[in-house]
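Report on the structure given below.
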Amino acid sequence: MSEIEGLQLDDRDRALLDGAEGEAMSLAMRVVLRAAEISGASRLQDICFAHIDACFYNGQAHVDFARFMVDKGARLAVPTWTNTSLVSQVDTEIRPEKNDPVVVSGARLLMELYEQLGCEPVWTCAPYQLPGGPSLGDHIVGSESNAVTFYNSVVGARTNKYGDYLDVCAALVGRVPYSGLHTDDGRRGRLLFTLDAIPWELRHEDIFHHVLGHRLGRVAQSRVPVIQGLPLDSDEDQLKAISAAAAASGAVGLFHAVGVTPEAPDLASAFQGAEPEAEIAITPAELIEARDSLSMGGGGRLDMVAIGTPHFSFTEFARLVPLMDGRRVHDGTLFYVSTSRHVYALIEEQGWTAILDAAGVRVVVDTCTYFTPAVRGCRGRVMTNSAKWAYYAPGMLAVESVFGTLEECVESALRGEVWRDDRLWRNDTWGARA
Amino acid sequence: MSSSEITARVLNPGKAAGEAMLLDEPLSFWGGFDAQTGIIVDQHHPQRGGCVAGRFLILPESRGSAGTPAGIAEAIRRGVGPAAIALGKADVNVAVGAMVAAVLYGVEIPVLVIDDGDRAGLRSGDRLEADRDGRIRITAAESG
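Now the structure itself:
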């Protein structure tokens, strides 16, 4: 068979290919082998975990594929977690079935099918916030772009960005082509980004991480960037912001931050002893340009705040709740936070959901505000603290996006109009002349 | 009418014939393509508005969208997929979309890889016929 030319297969691989476990598993094996052939992999690599995206409804073919796998007795080889869905299983009001029956019922059916297949129904684009995931050196399957970049960069697990169907097929077979970011060479830093020109104080601000990630993606595209000068105490939420923004604006699937991420204890390790292909000094001017490019308009009346892209973490809620406690979102402004059902359960235990509810903040689980009709129907000005949301929303939704910090989003929602923390928008804060 | 033959690498086997449609740039089959109609909707694409249904589609590669396999499979399901796809370089997402559609819907769309040199000799409107081994017979369009 042409599929196995040049590839070493073990007995189980051959048995799957020959249909010993049914036609679904045979298809899965053929898809993985085809991917291996195309990527030029010399062998297959065992994986121990998968986070799949094919559970996100994209038309009837998605449902037919999942149904085929379930009906033909396919079985997952590794723990497999689900990405966000188009709909929320918990909150059916978010996207009422009667408004869009084909899509909503299809999306629900798809969720049921992947549960039947044996997936862990976590429905989140930030699976790394949940316990029990992969760790340093593990080979895994990732599919959603920010999760791929976070797993590779911050956790040190190894994955390429797997497209629809290949993600599921690899989880069924438990193997991936050994290529790209699974290999040591694929993980070697290529470009060195230095932050010497950026004020130390700014490097601790959350907004900086979003803007830096956006700029990194633009410049690096698919070459592995290495950042020198990130504060050593940069936290998981800040690294999430870099991951999401860099994966959205470019095709960054892995970055290293010297002294911060696990494969870059020092500069030499990040480059595996080789020289950088180029050294790029990040300038205040380009960060200011990137920051400003994420807002379409100026100030004025605010229709909505949308935060939690990628899904809001427990620690982010711990910052949001005191800001909202005892206060109330302005009439006429909507405030949405997207998160996972796992994190929702944690904040409910803390009594925080009641505080947010009283403040007029709506927490959405399983899905993202991109996909809720409230946002889809919104034609106004939406503020977000996410560079990723700000980057995609104008194309996906007919809204004007305004990018700002969490504190700016909250204050703006209370006032019903865009409020700016002047300190963060002065050029000298970013290291440029005032 | 002149005819000639080229040989392509086979990523998904199939036998098909159709009128050539050349795309000047890569295409995302999700987002840039309407899988319900087969029409290219990417506003920045030189061939936007064109319909790929039944055509022998020739393009450099897909744009790196994870949704491309679904876009291809869905278009094939609806009967608005291309008759065949010939790429400038091997592309996992296009191959996987066609492989899955072949199993789910019994429609075999050949996915092939052709050399730049062979591609340069093709014109939109040429009639192309592919066999399962990757041989493509080309009948040049009139006044091509």
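Chains as they are written, first to last, in numbering that gives the first Met the number 0: chain A, 0 to 433; chain B, 0 to 143. C-beta: ideal position from N, C-alpha, C; glycine also.
Three-way DSSP call (helix, strand, coil) for A/SER1 in this model:
As a first step, residue 1 of chain A is located in the first sequence; it is residue number 2 there, counting from the start. The pLDDT assigned to A/SER1 is 42, lower than 50, so where the model puts this residue is not dependable; a value taken from the coordinates is nonetheless given after this. Per DSSP, reduced to three states, the secondary structure at A/SER1 is helical.
Assuming A/ARG74 contacts A/GLY117 (C-beta within less than 8 Å), just tell me the rounded distance between them.
Here residue 74 of chain A refers to the residue found at position 75 when the first sequence is read from its first residue. Here residue 117 of chain A refers to the residue found at position 118 when the first sequence is read from its first residue. Going by Cβ atoms, the distance from A/ARG74 to A/GLY117 rounds to 7 Å, so yes, they are a contact pair.
Enumerate in chain order the residues of its own chain whose CB-to-CB distance from A/ARG66 is below 8 Å, with the five nearest sequence positions on each side excluded.
The sequence position of residue 66 of chain A within the first sequence is 67, counting from 1. Only LEU112 meet the Cβ criterion.
Could one say the Cβ of B/ALA94 lies closer than 8 Å to chain A's Cβ atoms, at least one of them?
Here residue 94 of chain B refers to the residue found at position 95 of the second sequence. Among the residues facing chain A, B/ALA94 is included, as its CB has a counterpart in that chain under 8 Å away.
Would the region 417-429 of chain A and the region 11-24 of chain B be scored as touching if the rule is three or more Cβ pairs under 8 Å?
Output reads no: the region 11-24 of chain B does not touch the region 417-429 of chain A.
Can you check the region 355-415 of chain A for any beta strand (DSSP E) of at least 3 residues that lies completely inside it and give the ranges in chain order?
Fully enclosed beta strand (DSSP E) runs of no fewer than 3 residues occupy 361-364, 380-383, 399-402 of the region 355-415 of chain A, in order along the chain.
Bridge partners - A/SER87, DSSP secondary structure assignment:
Here residue 87 of chain A corresponds to residue number 88 of the first sequence, with the count starting at 1. In the DSSP output, where bridge partners are listed per residue, A/SER87 has none listed.
Take B/SER123 and list the residues in its own chain whose beta-carbon comes closer than 7 Å to its own, dropping the five residues that flank it on each side.
Sequence index remark: in the second sequence, residue 123 of chain B carries index 124 (1-based). Within the same chain, and ignoring the five residues on either side of B/SER123 in sequence, the residues whose Cβ sits closer than 7 Å to its Cβ are ALA19, MET20, LEU21.
Helix, strand or coil: which one does DSSP assign to B/GLY143?
The residue given as residue 143 of chain B occupies position 144 in the second sequence. Any reading at B/GLY143 is ruled out, since the residue's pLDDT is 45, under 50, leaving its predicted position unreliable.
Kindly indicate the opening and closing residues of the beta strand (DSSP E) around A/SER337.
As a position in the first sequence, residue 337 of chain A is number 338, starting the count at 1. Where A/SER337 is concerned, the enclosing beta strand (DSSP E) stretches over 333-338.
Using 8 Å as the threshold, is the region 279-290 of chain A in touch with the region 169-183 of chain A, meaning 3 or more CB pairs across them?
These segments do not touch.
Span of the alpha helix (DSSP H) around A/PRO261:
The residue you call residue 261 of chain A lines up with position 262 of the first sequence. No alpha helix (DSSP H) contains A/PRO261, which DSSP labels as neither H nor E.
Against chain A, does B/PRO68 count as a neighbour if the rule is that its beta carbon must be under 8 Å from one of theirs?
In the second sequence, the residue the question calls residue 68 of chain B occupies position 69. A Cβ of chain A is located within less than 8 Å of the beta carbon of B/PRO68.
Only counting runs of 3 or more residues, tell me where the beta strand (DSSP E) segments fall wholly within the region 34-65 of chain B, in order along the chain.
Runs found: 55-58.
Which residues does DSSP list as the beta-bridge partners of A/PRO224?
In the first sequence, residue 224 of chain A corresponds to position 225, counting from 1. A/PRO224 pairs with A/LEU190.
Please identify, using Cβ separations under 9 Å, the residues of the region 158-173 of chain A that lie next to chain B, in order along the chain.
Within the region 158-173 of chain A, the qualifying residues are LYS160, TYR161, GLY162, ASP163, TYR164, LEU165, ASP166, CYS168.
Spatial neighbours of A/GLU96 within its chain, please: C-beta separation below 7 Å, excluding the five flanking residues on both sides.
On the first sequence, position 97 is the one that residue 96 of chain A refers to. The beta carbon of A/GLU96 sits closer than 7 Å to the beta carbons of VAL103, SER104 from its chain, once the five residues preceding and following it are set aside; these are given in chain order.
Mind the definition here: the region 339-354 of chain A touches the region 22-33 of chain B only if three or more C-beta pairs lie below 8 Å; say whether that holds.
Taking a cut-off of 8 Å for Cβ pairs, the region 339-354 of chain A and the region 22-33 of chain B do not touch, as fewer than three such pairs fall below it.
Tell me whether A/MET323 is buried or exposed, calling it buried when 16 or more other Cβ atoms sit within 10 Å of its Cβ.
In the first sequence, the residue the question calls residue 323 of chain A occupies position 324. A/MET323 comes out buried.
For B/GLY105 and A/PRO224, the rounded distance between their alpha carbons
In the first sequence, counting from the first residue as 1, residue 224 of chain A sits at position 225. In the second sequence, counting from the first residue as 1, residue 105 of chain B sits at position 106. So the alpha carbons of these two residues sit roughly 44 Å apart.
Please list, in chain order, all residues of the same chain as A/VAL259 whose beta carbon is under 7 Å from its beta carbon, the five residues on each side excluded.
In the first sequence, counting from the first residue as 1, residue 259 of chain A sits at position 260. Contacts found: LEU229, LEU231, SER233.
Three-state secondary structure assigned by DSSP to B/GLU18:
Locating residue 18 of chain B in the second sequence gives position 19, counting from the first residue. Secondary structure of B/GLU18 (DSSP, three-state): strand.
In this structure, does DSSP put B/SER2 in helix, strand or coil?
What you label residue 2 of chain B is simply residue 3 of the second sequence in a count that begins at 1. Of the three classes helix, strand and coil, the one that applies to B/SER2 here is strand, per DSSP.
Cβ separation of B/GLY96 and B/ILE135, assumed to be a contact under 8 Å, to the nearest whole Å:
In the second sequence, counting from the first residue as 1, residue 96 of chain B sits at position 97. In the second sequence, counting from the first residue as 1, residue 135 of chain B sits at position 136. Rounded, the Cβ-Cβ distance is 20 Å, inconsistent with contact.
Quick test of the definition: if touching needs 3 or more C-beta pairs under 8 Å, does the region 79-86 of chain A touch the region 37-45 of chain A?
Contact fails: fewer than three Cβ-Cβ distances are below 8 Å.
Just verifying my parser: in three-state terms, what is the DSSP assignment at B/PHE32?
Residue mapping note: residue 32 of chain B aligns to position 33 of the second sequence, counting from 1. DSSP places B/PHE32 in strand when its eight states are reduced to three.
Segment limits, alpha helix (DSSP H) that includes A/LEU171:
In the first sequence, residue 171 of chain A corresponds to position 172, counting from 1. Segment 165-172, the alpha helix (DSSP H) holding A/LEU171.
Once you ignore the five residues that flank B/VAL110 on each side, which residues in its own chain have a CB closer than 6 Å to its CB?
Your numbering for residue 110 of chain B matches position 111 in the second sequence. Correct list, in chain order: LEU10, ASN11, ILE84, VAL93, ALA94, ALA97.
How should A/SER1 be labelled, buried or exposed, when 16 other C-beta atoms within 10 angstroms of its C-beta is the threshold for buried?
In the first sequence, the residue the question calls residue 1 of chain A occupies position 2. At A/SER1 the pLDDT is 42, less than 50, meaning the model places this residue with poor confidence and gives no usable figure here.
Within 7 Å of chain B by C-beta, residues of the region 61-78 of chain A in sequence order:
For the region 61-78 of chain A, which is checked against every Cβ of chain B, the residues closer than 7 Å are HIS61, ASP63, PHE64, PHE67.
Neighbour list for B/ARG76 in chain A, Cβ cutoff strictly below 9 Å
Within the second sequence, the letter at position 77 stands for residue 76 of chain B. Correct list: GLY58, GLN59, ALA60, ASP63.
Per the DSSP calculation, A/GLU278 is bridged to which residue(s)?
The residue labelled residue 278 of chain A in the question sits at position 279 within the first sequence. A/GLU278 is bridged to A/LEU191.
Below-8 Å beta-carbon distance, A/ALA40 vs any chain B residue:
Start at 1 with the first residue of the first sequence, and residue 40 of chain A comes out as number 41. No, its Cβ sits nowhere closer than 8 Å to a Cβ of chain B.
Indicate whether at least one CB of chain A lies closer than 8 Å to the CB of B/GLU73.
Stepping through the second sequence from its first residue, residue 73 of chain B is reached at position 74. Chain A contact via Cβ: present.
Would you report the Cα separation of A/VAL247 and A/PRO393, rounded to the nearest angstrom?
By one-based count along the first sequence, residue 247 of chain A stands at place 248. By one-based count along the first sequence, residue 393 of chain A stands at place 394. The question names Val, yet the displayed sequence has Ala at residue 247 of chain A. In a straight line, the C-alpha of A/ALA247 is about 13 Å away from that of A/PRO393.
Would you tell me roughly how many angstroms separate the C-alpha atoms of A/GLY18 and B/VAL51, rounded to the nearest one?
Taking the first residue of the first sequence as position 1, residue 18 of chain A is located at position 19. Taking the first residue of the second sequence as position 1, residue 51 of chain B is located at position 52. Taking the straight line joining both Cα atoms gives about 34 Å.
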